[in-house]
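First comes the structure, then the notes that go with it.
Residue numbers (this note's numbering): 6 to 144.
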């Protein structure tokens with residue numbers, strides 16, 4: 006590259022994660038229904054090596070991390086994440102966008118970066134670099 010010119014940053018890797026809006030039964034019921042509509046499997050193993058039904062709200066409530074294949078693509082369901090602030094703070098800083106006319110809250114960039122930094126995985130550190138530049142990645 007010519008001196009003084011910066012390389013364009015690659016597009017950030019899309020993160021497809023679903024965190025229940027709050028630990029309330031009705032939210033798990035809505036998530037279970039959505040996962041059923043998306044064709045989630047009737048059996049999945051969470052990060053604690055438990056066999057769970059992602060279409061069952063009580064199983065969703067006790068799952069740590071579920072990695073699912075759905076008709077919309079791969080989806081991770083998280084009940085808590087390293088580096089995540091308390092839910093109220095996360096919600097307060099979230100941005101709202103419309104997806105097919107439905108309002109959806111998305112964690113703020115600062116919160117996403119904090120959660121990715123807390124995991125410390127190489128791919129998350131690369132995501133941070135893609136989102137903020139190499140100085141912020143922690144590498």
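Ideal placement from N, C-alpha and C gives every residue a C-beta, glycine not left out. Only a predicted model underlies this, so the values are computations on that prediction, with no experimental measurement involved.
Count the other C-beta atoms from every protein chain shown that fall within 10 angstroms of the C-beta of residue i, then say buried if there are 16 or more, exposed otherwise.
i: residue 115; result: exposed
i: residue 96; result: exposed
i: residue 132; result: buried
i: residue 109; result: exposed
i: residue 76; result: exposed
i: residue 31; result: exposed
i: residue 117; result: buried
i: residue 47; result: exposed
i: residue 62; result: buried
i: residue 129; result: buried
In the DSSP assignment, find the alpha helix (DSSP H) that holds residue i and state where it starts and stops.
i: residue 119; result: 114–124
i: residue 93; result: 92–98
i: residue 43; result: Counting along the chain, residue 43 falls outside any alpha helix (DSSP H), and DSSP gives it neither H nor E.
i: residue 68; result: Here residue 68 belongs to no alpha helix (DSSP H), and DSSP marks it neither H nor E.
Keeping to the same chain, check which residues put their C-beta closer than 7 Å to that of residue i; ignore five residues upstream and five downstream.
i: residue 111; result: 99, 100, 102
i: residue 15; result: Residue placement at residue 15 cannot be trusted, given a pLDDT of 49 that sits under 50; the coordinates are not used to answer.
i: residue 54; result: none
Apart from the five residues just before and just after residue i, which ones in its own chain have a Cβ nearer than 6 Å to its Cβ?
i: residue 71; result: 49, 51, 59, 82
i: residue 43; result: 75, 76, 77
i: residue 9; result: In this predicted model, residue 9 has a pLDDT of only 48, less than 50, meaning its place in the structure is not dependable; the value taken from the coordinates is given anyway. If we look at residue 9 and ignore the five residues flanking it on each side, it has no Cβ neighbours.
From which residue to which residue does the beta strand (DSSP E) around residue i run?
i: residue 108; result: 107–111
i: residue 135; result: Careful: residue 135 lies outside any beta strand (DSSP E), inside the alpha helix (DSSP H) at 127–137.
i: residue 79; result: 78–83
Assuming residue i and residue j make a contact with CB atoms under 8 Å, what is their CB distance in whole Å?
i: residue 88; j: residue 123; result: 3 Å
i: residue 86; j: residue 33; result: Not really, about 17 Å apart at Cβ, beyond 8 Å.
i: residue 57; j: residue 74; result: That pair is no contact at about 15 Å.
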